[in-house]
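Line by line, the protein sequences are chains A and B. Terminal number for the first sequence in the numbering used here: 281, no gaps in between. Terminal number for the second sequence in the numbering used here: 281, no gaps in between. Where a beta carbon is used, it is the ideal one built from N, C-alpha and C, also for glycine. Shown next, in structure tokens, is the structure this report addresses.
There are 2 protein chains.
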Amino acid sequence: MQQISSVNNKLIKELAKLNKKKYREDTGMYLIEGFHLFEEALKAHRNYQYLLGTDDALSKAESDYGVDLSGKRVILIKSAIARHLSSTKNTQAIFMVLKIAQPKNFTFNYGKWVLLDNLADPGNVGTIIRTADAAGFEGVILSPESVDLYNPKTQRAMQGSQFHIDLVVSDLNDAINQLQSYDIPVYASMLDQTAKELPDFAKVAQLGLVIGNEAHGVSEMIAKACDEKLYIPIKGQAESLNAAVAAGIMIYHFA
Amino acid sequence: MQQISSVNNKLIKELAKLNKKKYREDTGMYLIEGFHLFEEALKAHRNYQYLLGTDDALSKAESDYGVDLSGKRVILIKSAIARHLSSTKNTQAIFMVLKIAQPKNFTFNYGKWVLLDNLADPGNVGTIIRTADAAGFEGVILSPESVDLYNPKTQRAMQGSQFHIDLVVSDLNDAINQLQSYDIPVYASMLDQTAKELPDFAKVAQLGLVIGNEAHGVSEMIAKACDEKLYIPIKGQAESLNAAVAAGIMIYHFA
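Shown next, in the form of structure tokens:
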């Protein structure tokens with residue numbers, strides 16, 4: 027075990043930068059925080075680059091989770107460092123640095139997928155991924171412009187679903203073409219003259235479900251590529267549904 | 027029209043306090059912000075106590091919404107005051123002070139209702155109310171311990187649904203007894219040995235749907251009073267769903 031007691035330590039300074047997208051991209055690493063994500067990472071047998079915790083937190087990691095605290099990758103930190111690394115108000119003072127696992131050359135030839143077309147809100151993206159996980163979907167495909175998966179807010183909303191299902195950043199047109207070439211229908215969530223109400227759609231064994239940007243919806247080119255358009259009927263006076271709630275209703279319709 | 031140019035003005039100081047629950051309770055008033063809520067309040071023909079805006083914002087209110095800017099209740103404010111009153115980063119600089127409309131002696135003898143048992147997160151409460159509105163429910167009944175309806179975060183998530191459906195703070199046991207006395211079944215969202223999966227529930231013309239606290243679920247006494255318990259089946263590895271998403275899936279199942 028290493029010990030670090032200053033927030034000015036070089037490694038701590040570098041790890042604190044992992045809360046920024048640019049630095050995550052440069053290093054291919056990200057930071058998770060709290061015992062829930064820590065436990066999920068252990069369950070998924072992920073190798074960590076570093077495990078950091080205060081005395082109390084590391085003791086808990088050893089006693090409750092059987093983590094071996096010997097070795098250089100385990101770092102005992104002071105509370106001040108935990109607060110420095112944390113993106114929450116009340117940190118549990120346990121952190122892991124993980125490699126970003128981005129599947130390459132993924133083939134979308136089976137199962138149920140959610141496709142996110144340029145989503146902007148980290149909470150929405152994380153919540154939709156969590157819902158796709160709960161519904162037993164294969165994974166989530168994110169357009170390159172969608173919000174970063176390893177944003178601390180996305181992480182908190184995802185609740186560890188990155189360890190359960192496939193998350194693939196891909197050109198959506200390519201993904202849609204591939205799904206369709208395997209006879210998997212792709213539906214876009216949007217309202218236009220050709221769109222049908224969600225309850226009219228039968229359950230299907232496999233599908234792609236495209237969710238559009240919170241403000242601008244599904245982009246035109248993507249909409250054209252889809253087999254059907256669907257929408258959730260609004261029966262009251264609300265203008266629309268919250269994006270993550272709407273996605274959840276659609277995902278569970280096809281679960 | 028009045029003009030106020032100092033954030034130290036007595037009225038402005040009082041209105042800024044409306045962002046706090048205690049002051050809303052003391053005065054029976056609350057503050058809404060932004061053109062969307064402003065428009066919803068106008069559509070609902072709500073009388074405002076005050077309408078405040080910067081020069082640009084009030085001009086837009088007059089030209090786009092036909093608001094009469096004469097009279098003492100309209101107040102022209104400086105941008106600095108708008109920022110002071112605002113609970114958002116980028117304020118649209120338009121505000122209304124409204125009376126809190128709490129229905130008294132409401133009789134729950136018809137329709138579909140969501141009952142919130144001690145919900146703690148303002149965003150969840152607002153989002154669930156918005157979903158109940160979209161699904162054509164009659165209204166939402168909140169236990170007295172639930173988060174305050176007029177919290178700025180609840181307001182933002184509600185998106186004006188307080189102008190569309192009935193929001194009633196009530197003892198939940200009383201409300202459940204009343205619904206049941208009119209042969210309206212009441213279901214609790216919870217997982218125990220007697221709970222059934224949501225897809226097994228038939229659509230019903232009228233119901234009460236109880237959603238429990240994010241951490242502790244539906245309280246024991248309330249659970250006992252309900253006719254059935256239901257849960258959303260988890261098919262993947264996620265431990266649970268986001269509270270507002272889960273409520274949305276259940277509400278739309280019965281919409």
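Cβ separation of residue i and residue j, assumed to be a contact under 8 Å, to the nearest whole Å
{"i": "A/Lys-125", "j": "A/Met-55", "result": "6 Å"}
{"i": "B/Ser-196", "j": "B/Phe-132", "result": "7 Å"}
{"i": "B/Ala-272", "j": "B/Val-236", "result": "Contact doesn't hold; Cβ gap of about 13 Å is too wide."}
{"i": "B/Ser-187", "j": "A/Ala-264", "result": "6 Å"}
Interface flag, residue i vs chain A, CB-CB below 8 Å
{"i": "B/Arg-156", "result": "yes"}
{"i": "B/Lys-261", "result": "yes"}
{"i": "B/Val-271", "result": "yes"}
{"i": "B/His-242", "result": "no"}
{"i": "B/Ile-191", "result": "yes"}
{"i": "B/Tyr-278", "result": "yes"}
Within 8 Å, strictly: CB atoms of residue i and residue j
{"i": "A/Asn-177", "j": "A/Ala-251", "result": "no"}
{"i": "A/Ala-221", "j": "A/Lys-255", "result": "yes"}
{"i": "B/Phe-140", "j": "B/Ile-258", "result": "It should be pointed out that residue 140 of chain B corresponds to Val in this sequence rather than to Phe. Not closer than 8 Å, so no."}
{"i": "B/Thr-157", "j": "B/Ala-183", "result": "no"}
{"i": "B/Ala-119", "j": "B/Ala-108", "result": "yes"}
{"i": "B/Ser-245", "j": "B/Asn-144", "result": "yes"}
{"i": "B/Val-166", "j": "B/Leu-205", "result": "no"}
{"i": "A/Glu-164", "j": "A/Lys-130", "result": "no"}
{"i": "A/Tyr-91", "j": "A/Glu-65", "result": "yes"}
{"i": "A/Val-123", "j": "A/Leu-44", "result": "yes"}
{"i": "B/Leu-233", "j": "B/Ile-202", "result": "no"}
{"i": "B/Ala-146", "j": "B/Glu-59", "result": "no"}
{"i": "A/Leu-57", "j": "A/Leu-111", "result": "yes"}
{"i": "B/Lys-104", "j": "B/Pro-148", "result": "no"}
{"i": "B/Tyr-74", "j": "B/Ala-83", "result": "no"}
Option in the options with minimal Cα separation from residue i
{"i": "B/Asn-268", "options": "A/Gln-219, A/His-242 and A/Val-151", "result": "A/Val-151"}
{"i": "A/Leu-95", "options": "A/Ser-113, A/Tyr-76, A/Ser-207 and A/Asp-209", "result": "A/Tyr-76"}
{"i": "A/Gln-181", "options": "A/Asp-81, A/Ser-32 and A/Phe-121", "result": "A/Phe-121"}
{"i": "B/Met-27", "options": "B/Lys-46, B/Leu-235 and B/Glu-88", "result": "B/Glu-88"}
{"i": "A/Val-33", "options": "A/Ala-231, A/Gly-92 and A/Leu-78", "result": "A/Leu-78"}
{"i": "A/Leu-168", "options": "A/Gly-162, A/Ala-161 and A/Ile-155", "result": "A/Ile-155"}
{"i": "B/Leu-41", "options": "B/Leu-68, B/Ser-85, B/Ile-101 and B/Glu-65", "result": "B/Ile-101"}
{"i": "A/Met-216", "options": "A/Lys-36, A/Gly-243, A/Ile-275 and A/Asp-209", "result": "A/Gly-243"}
{"i": "A/Val-212", "options": "A/Asp-90, A/Leu-142 and A/Ile-275", "result": "A/Leu-142"}
{"i": "A/Leu-224", "options": "A/Lys-86, A/Leu-84 and A/Ile-275", "result": "A/Ile-275"}
{"i": "A/His-190", "options": "A/Tyr-49, A/Arg-72, A/Lys-36 and A/Lys-46", "result": "A/Arg-72"}
{"i": "A/Asp-218", "options": "A/Ile-58, A/Ala-249 and A/Gly-234", "result": "A/Ala-249"}
{"i": "B/Glu-171", "options": "B/Gly-238, B/Phe-61 and B/Ser-85", "result": "B/Gly-238"}
{"i": "B/Phe-134", "options": "B/Leu-111, B/Ser-207 and B/Gln-29", "result": "B/Ser-207"}
{"i": "A/Gln-185", "options": "A/Ile-30, A/Tyr-49, A/Ser-31 and A/Phe-61", "result": "A/Phe-61"}
{"i": "A/Ala-160", "options": "B/Ser-266, B/Thr-53 and B/Lys-39", "result": "B/Ser-266"}
{"i": "A/Ala-127", "options": "A/Asp-253, A/Gln-29, A/Thr-53 and A/Gly-162", "result": "A/Thr-53"}
{"i": "B/Lys-46", "options": "B/Asn-35, B/Ile-30 and B/Ser-113", "result": "B/Ser-113"}
Proximity test, Cβ basis, 8 Å: residue i and chain B
{"i": "A/Ser-187", "result": "yes"}
{"i": "A/Asn-268", "result": "yes"}
{"i": "A/Ile-258", "result": "yes"}
{"i": "A/Ile-275", "result": "yes"}
{"i": "A/Asp-159", "result": "yes"}
{"i": "A/Ala-264", "result": "yes"}
{"i": "A/Gly-238", "result": "no"}
{"i": "A/Thr-153", "result": "yes"}
{"i": "A/Ala-281", "result": "yes"}
{"i": "A/Gly-162", "result": "yes"}
Residues that residue i bridges to, as DSSP identifies them
{"i": "B/Met-216", "result": "Answer by DSSP bridge pairing: none, since B/Met-216 is not bridged."}
{"i": "B/Gly-165", "result": "B/Trp-139 and B/Asp-192"}
{"i": "A/Tyr-208", "result": "Answer by DSSP bridge pairing: none, since A/Tyr-208 is not bridged."}
{"i": "B/Gly-234", "result": "B/Trp-139 and B/Val-212"}
{"i": "A/Phe-121", "result": "A/Glu-59 and A/Leu-78"}
{"i": "B/Gln-151", "result": "The sequence shown places Val at residue 151 of chain B, not Gln. DSSP, once it has assigned bridges, lists no residue as partnering B/Val-151."}
{"i": "B/Lys-222", "result": "B/Leu-256"}
{"i": "A/Gln-29", "result": "A/Leu-102"}
{"i": "A/Asn-239", "result": "A/Gly-243"}
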